[in-house]
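Here's the structure we're looking at; comments come further down.
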Amino acid sequence: MSAASALATLPAGLVWHGRQLAGQGGPILPTGHAALDAQLPGGGWPGAAITELLVDQPGVGELSLLLPLLRRAEAGRWQVWIGPPQHPYAPALQAAGVDLESLLLINPPTPDEALWATRQALGSATCSMVLAWLPHVDVAGLRRLQLAAESGATPLFLFRPCASARQPSPAPLRLALSPQHGALRIDLLKRRGPLAHAPVLLSLHDDSL
Amino acid sequence: MGSLSCTAPLRKTIYIRPHVIAVAPAAAARGIQAGQSVTSALAMVPELNLVPRTPDKEAALLQDVAAWAGAFSARVCLDPPDGIVLEVASCLRLFGGLDALRHALLEGLQRQGLTPAIADAPTPLAARWFAREAGRNPAAACTKPPAAWQQRLDALPLSALADRGNIGQTQLDLLSGLGLRTLGEVRALPAAGLARRQATAVIDALARAYGEEHDLREAYLPPPSYSSHISLALATTSTEPLLFAARRLFAGLASWLAARHAGIDHCQLLLLHERRPASTLDILTGTPSRDEARFNLLARERLAALKLPAPVDGLELIANAPRALAARSDDLFGDAATARENALLLLERLRARLGDDGVRQIAPKPDWRPERAWHGSAPNTANKAARVSARARVDTQRPLWLLDAPQRIDDPRQIKLLRGPERIEQGWWDGHDVRRDYYLARHANGALWWVYRKLDSPRDWYLQGYFG
Numbered sequence: 000m001s002a003a004s005a006l007a008t009l010p011a012g013l014v015w016h017g018r019q020l021a022g023q024g025g026p027i028l029p030t031g032h033a034a035l036d037a038q039l040p041g042g043g044w045p046g047a048a049i050t051e052l053l054v055d056q057p058g059v060g061e062l063s064l065l066l067p068l069l070r071r072a073e074a075g076r077w078q079v080w081i082g083p084p085q086h087p088y089a090p091a092l093q094a095a096g097v098d099l100e101s102l103l104l105i106n107p108p109t110p111d112e113a114l115w116a117t118r119q120a121l122g123s124a125t126c127s128m129v130l131a132w133l134p135h136v137d138v139a140g141l142r143r144l145q146l147a148a149e150s151g152a153t154p155l156f157l158f159r160p161c162a163s164a165r166q167p168s169p170a171p172l173r174l175a176l177s178p179q180h181g182a183l184r185i186d187l188l189k190r191r192g193p194l195a196h197a198p199v200l201l202s203l204h205d206d207s208l
Numbered sequence: 002m003g004s005l006s007c008t009a010p011l012r013k014t015i016y017i018r019p020h021v022i023a024v025a026p027a028a029a030a031r032g033i034q035a036g037q038s039v040t041s042a043l044a045m046v047p048e049l050n051l052v053p054r055t056p057d058k059e060a061a062l063l064q065d066v067a068a069w070a071g072a073f074s075a076r077v078c079l080d081p082p083d084g085i086v087l088e089v090a091s092c093l094r095l096f097g098g099l100d101a102l103r104h105a106l107l108e109g110l111q112r113q114g115l116t117p118a119i120a121d122a123p124t125p126l127a128a129r130w131f132a133r134e135a136g137r138n139p140a141a142a143c144t145k146p147p148a149a150w151q152q153r154l155d156a157l158p159l160s161a162l163a164d165r166g167n168i169g170q171t172q173l174d175l176l177s178g179l180g181l182r183t184l185g186e187v188r189a190l191p192a193a194g195l196a197r198r199q200a201t202a203v204i205d206a207l208a209r210a211y212g213e214e215h216d217l218r219e220a221y222l223p224p225p226s227y228s229s230h231i232s233l234a235l236a237t238t239s240t241e242p243l244l245f246a247a248r249r250l251f252a253g254l255a256s257w258l259a260a261r262h263a264g265i266d267h268c269q270l271l272l273l274h275e276r277r278p279a280s281t282l283d284i285l286t287g288t289p290s291r292d293e294a295r296f297n298l299l300a301r302e303r304l305a306a307l308k309l310p311a312p313v314d315g316l317e318l319i320a321n322a323p324r325a326l327a328a329r330s331d332d333l334f335g336d337a338a339t340a341r342e343n344a345l346l347l348l349e350r351l352r353a354r355l356g357d358d359g360v361r362q363i364a365p366k367p368d369w370r371p372e373r374a375w376h377g378s379a380p381n382t383a384n385k386a387a388r389v390s391a392r393a394r395v396d397t398q399r400p401l402w403l404l405d406a407p408q409r410i411d412d413p414r415q416i417k418l419l420r421g422p423e424r425i426e427q428g429w430w431d432g433h434d435v436r437r438d439y440y441l442a443r444h445a446n447g448a449l450w451w452v453y454r455k456l457d458s459p460r461d462w463y464l465q466g467y468f469g
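Here the protein sequences line up with chains A and B, keeping their order.
For the first sequence, counting from 1, position 209 maps to 208 in this note's numbering; every step adds exactly one.
For the second sequence, counting from 1, position 62 maps to 63 in this note's numbering; every step adds exactly one.
In structure tokens:
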């Protein structure tokens, strides 16, 4: 029996082929962007893990990328934003269909408090998602966040500067966001699956721009 | 009427001159007995640790126990000096029978550091006597075969009568002089003869104990506001011992609330210092609650955020304004109410640690001036319906990020205007006049900006938001 056919007899999920994307390891939340879904393991954001979004400047479409998910959020569960660098603009969010009643804005005074608040929000299992801006979190902190996200089955979208791409991270998904010709360029730095060769380009704002 | 009587003797050796009232186990092992005179006790054990009796503290303790017992029965009576009586016939089903109730009472009292003796009988006085008897001789109480309660009452020794103050020693001497040893023998005597010998109090007590006469008692009413105090043996600044002590206060508060079928949405924990005004922790729960664990959790967060100016040597918990709160039973599959409560709990934790300014919610406001078209507020959990949700009136695009204050763009050549202008000319009436032309622009670095140009000179360019 050849090695390949021997592998084929094993139960599904035990063997992972290098060319495939990893299967579903927990809940998956579709991103709402078909081109991106195709490149993500399971076809969406991991529902109980950290997704790191590395972005250096505001205004590249980093929030628009999450808008489909923000729009779908369950009523009665919080959407927690921890330490955003600017004010989220209520009229724009409402016009985009985000439920402002369930949106909680946390302004922690120190990075430690920000980390604490993020862990509380994740661990409480009462949030449909957590968005956190933690520029200075270390690896140990990231690991605790990952555990909290798993135990609370809550997705965490962690915004960090691009320079932290060099830092190791337990997050199963790391994306670098940058603008390119009026579209959002997404480099998949890390995913459970083969290395991504080409970036994903998403045109998030309407065509007239 | 079924009654349970618990007597809770204090654990330490207590005396009123000249005799010992209660004995700690270690002292009992050395041969000290209750009722012994202090001098003889000291002669037997010279290093005996004598604690003077403090009747007012005992009375306060009894009140606390009664308030706590209100969680088990709707009718609680004080039975001074050392007992409380609960009417339980009406609530046995709720607690799953007499044994389960007795177990719950025993466990709860032991957790408060008391060693209770619990007995049940159809009349309060009989219950009290059984409890005294069980307290004196716990082994016998357990092994005794169940008999009709009147027969058990008949078998009680004469000394049981001495328990209540209105039967004097002379009357007891008279009875024992007649050669009587048990209550049954006393009852067998002709009542008229006893009455002639000044023993009416005995007849009266027996009639009440056997249920031949009504035994009316005044129900204990828990105080309208809760206040409880604990002094710490050792002044401390560390969180853990303080939280441990606070847990006892919160347990008392929770049962006081349960007795009133009420909840509170705020209470105050005072940390008492020796030579300073007390530090105050305000504990806000957001919604009315009587959940002990929730109070503990919030106290932990508040305490962690607090800098203590001096060691704490006492704690005081004050709660007033209880609000009616119906009990909620747990659902097998975790109902929506539980989820909602957990969501509020997260909010409370965050607010307890970060303060009201640390946790905000945002809503649009009907105003054309971009910086005034939204407002942030502390989350309002009480009254959602009251919040006016202003519909967004703009049909043009607005940025998802807004800067705290507009930033002047030093080099307007860096930006390329994509759409605009949208003129906003507003606010001449309230002194915050705005005259601007807004554009959607792309900066050289690729980001989408929301910029404006002032209509008044100098016609500078400003950045106000990002299309995130």
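From the three backbone atoms N, C-alpha and C, an ideal C-beta is built for every residue, glycine too.
Item                                                                                                                                : Value
Short CB-CB distance (under 8 Å) between alanine 101 of chain B and chain A                                                         : no
Residues that arginine 76 of chain A contacts on chain B, provided the C-beta gap is smaller than 8 Å                               : Ala340 and Ala344
Neighbourhood of arginine 399 of chain B by C-beta, 7 Å cutoff - its chain only, sequence neighbours within 5 removed               : none
Contact under 8 Å by Cβ, glycine 114 of chain B with serine 232 of chain B                                                          : no
Whole-angstrom C-beta distance between alanine 306 of chain B and arginine 354 of chain B, which should lie under 8 Å               : 6 Å
Residues that leucine 176 of chain B bridges to, as DSSP identifies them                                                            : Answer by DSSP bridge pairing: none, since leucine 176 of chain B is not bridged.
Helix, strand or coil at glutamate 108 of chain B according to DSSP, with G and I counted as helix                                  : helix
Histidine 161 of chain A in three-state terms, based on DSSP                                                                        : Inspection of the sequence shows that residue 161 of chain A is occupied by cysteine rather than by histidine. Helix, per DSSP.
Closer than 8 Å to chain D by CB, threonine 153 of chain A                                                                          : Structure shown: chain D not included; protein chains present are A and B.
Counted within 10 angstroms of its Cβ, other Cβ atoms place leucine 95 of chain B as buried (16 or more) or exposed                 : exposed
Integer-rounded CB distance, given that valine 360 of chain B should sit under 8 Å from alanine 340 of chain B                      : Wrong, their Cβ atoms sit about 19 Å apart, outside the cutoff.
Interface flag, isoleucine 363 of chain B vs chain A, CB-CB below 8 Å                                                               : yes
Burial state of threonine 125 of chain A, where buried means 16 or more other Cβ atoms lie within 10 Å                              : buried
Nonlocal neighbours in the same chain, by C-beta distance under 7 Å from leucine 464 of chain B, ignoring five residues either side : Leu404, Pro407, Gln408, Ile410, Trp450 and Val452
8 Å Cβ cutoff met for isoleucine 105 of chain A and valine 79 of chain A                                                            : yes
Inter-residue spacing [alpha-carbon to alpha-carbon] between glycine 60 of chain A and leucine 183 of chain A                       : 6 Å
Pair within 8 Å by beta-carbon distance, isoleucine 1 of chain B and alanine 101 of chain B                                         : Only positions 2 to 469 of chain B appear in the structure, and residue 1 of chain B is not among them; the question remains open.
Beta-carbon proximity check, leucine 187 of chain A vs leucine 174 of chain A, cutoff 8 Å                                           : yes
Within the stretch 81-124 of chain A, ranges of the beta strand (DSSP E) (whole runs, at least 3 residues)                          : 102-105
Element boundaries [beta strand (DSSP E), containing threonine 1 of chain B]                                                        : The question about residue 1 of chain B has no answer, for chain B in this structure spans 2 to 469.
Near the ligand GDP: alanine 340 of chain B beta-carbon under 7 Å from a heavy atom                                                 : You won't find the ligand GDP in this model; it holds no ligand whatsoever.
Pairwise C-alpha distance: glycine 75 of chain A and tryptophan 130 of chain B                                                      : 56 Å
Contact list for tryptophan 450 of chain B against chain A, beta-carbon separation under 7 Å                                        : Gly58
Coarse secondary structure for threonine 124 of chain B, derived from DSSP in three states                                          : coil
Residues that leucine 376 of chain B bridges to, as DSSP identifies them                                                            : Per the sequence shown, the amino acid found at residue 376 of chain B is histidine instead of leucine. DSSP lists B:Ala364 as partners of histidine 376 of chain B.
Residue from B:His104, B:Cys92 and B:Lys308 with nearest C-alpha to threonine 237 of chain B                                        : B:Lys308
Residue burial classification, serine 4 of chain A (beta-carbon count within 10 angstroms, cutoff 16)                               : exposed
Residue from B:Glu214, B:His20, B:Ala75 and B:Gly109 whose Cα sits closest to the Cα of arginine 54 of chain B                      : B:His20
The stretch 88-102 of chain A in contact with the stretch 116-125 of chain A per 3-pair CB rule at 8 Å                              : no
Cβ-based burial, proline 10 of chain A [other Cβ within 10 Å; buried from 16]                                                       : exposed
Span separating the alpha-carbon of alanine 35 of chain B from that of alanine 42 of chain B                                        : 10 Å
First and last residue of the uninterrupted beta strand (DSSP E) at aspartate 314 of chain B                                        : 313-320
For leucine 187 of chain A, the three-state DSSP class (helix, strand or coil)                                                      : strand
As assigned by DSSP and simplified to three states, the class of lysine 308 of chain B                                              : coil
Supposed contact pair tryptophan 402 of chain B and proline 57 of chain A - C-beta distance, whole angstroms, cut 8 Å               : 6 Å
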